[in-house]
Amino acid sequence: MAVYLIIQLVAIGVGVFVGMEFLARLMHKYVMHGVLWSVHSDHHREKHGEVEKNDAFGALFAGVAIFLVIEWLRGGDPILLAIAMGMTGYGIAYAFVHDMIIHDRHLHLRAWGMRHSPFRELILVHDVHHQEGEGNWGFLFIIRGLDKVPEEARYRS
Numbered sequence: 002m003a004v005y006l007i008i009q010l011v012a013i014g015v016g017v018f019v020g021m022e023f024l025a026r027l028m029h030k031y032v033m034h035g036v037l038w039s040v041h042s043d044h045h046r047e048k049h050g051e052v053e054k055n056d057a058f059g060a061l062f063a064g065v066a067i068f069l070v071i072e073w074l075r076g077g078d079p080i081l082l083a084i085a086m087g088m089t090g091y092g093i094a095y096a097f098v099h100d101m102i103i104h105d106r107h108l109h110l111r112a113w114g115m116r117h118s119p120f121r122e123l124i125l126v127h128d129v130h131h132q133e134g135e136g137n138w139g140f141l142f143i144i145r146g147l148d149k150v151p152e153e154a155r156y157r158s
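Right, here's the structure in full:
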């Protein structure tokens, strides 16, 4: 029984991690490039600071995850912890991949990412979004047929 519960909780956490990308895509397209453009717009500047108004979106989701952990501590429902862990995992991946590799913030890993094909492809696909100001709404995953993949990202190994 305990093994089944652990498998179930891990599946929930992984599902939330993947689901966060789709939620982030929707928010990016309809909220960040919509009613809250004033918060997101600094993210589209040429130079990125160590702290941007756009970071408020990450802080919002971190706050939700913290709330879920507190509720898990109060009530003991492990599903709340699994959801919080999936959200936290996504947030950590976002900070590392999107901020540090794609946008060269904090640890400045873009040059390193350009030498590694999976990250290079993400960088180039995300660069299309910043050049065109639309499309390619994702952050961590490329969805072929939905995201515009530049030619130079497709055939380099």
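The working numbering applies: residue 2 is where the sequence shown begins, and numbers increase by one.
Just so it is clear, CB atoms sit at the ideal spot from N, CA and C, and this is done for glycine as well.
Look up residue i in the DSSP assignment and say whether it is helix, strand or coil.
i: R145; result: strand
i: V52; result: coil
i: V32; result: helix
i: R26; result: helix
i: R75; result: helix
i: V4; result: helix
i: E152; result: helix
How is the alpha helix (DSSP H) around residue i delimited, first residue to last?
i: W138; result: Counting along the chain, W138 falls outside any alpha helix (DSSP H), and DSSP gives it neither H nor E.
i: H41; result: 38 to 41
With a threshold of 9 Å between beta-carbons, can residue i be considered close to chain C, or not?
i: H44; result: Checking the listed chains, one finds no chain C in this structure; it contains a single protein chain.
Going straight from the alpha carbon of residue i to that of residue j, what length do you get?
i: A25; j: V52; result: 20 Å
i: G16; j: G87; result: 7 Å
i: G92; j: G59; result: 7 Å
i: H127; j: N137; result: 6 Å
i: S158; j: H131; result: Below a pLDDT of 50, predicted positions are generally treated as unreliable, and S158, at 48, falls in that range; no measurement from the model is reported.
i: G139; j: P151; result: 15 Å
i: V36; j: E47; result: 22 Å
i: I144; j: L110; result: 23 Å
i: N55; j: L6; result: 37 Å
Pick out the complete alpha helix (DSSP H) segments inside the region 93 to 127, 4 residues or longer, and give them in chain order. 111 to 115, all fully within the region 93 to 127.
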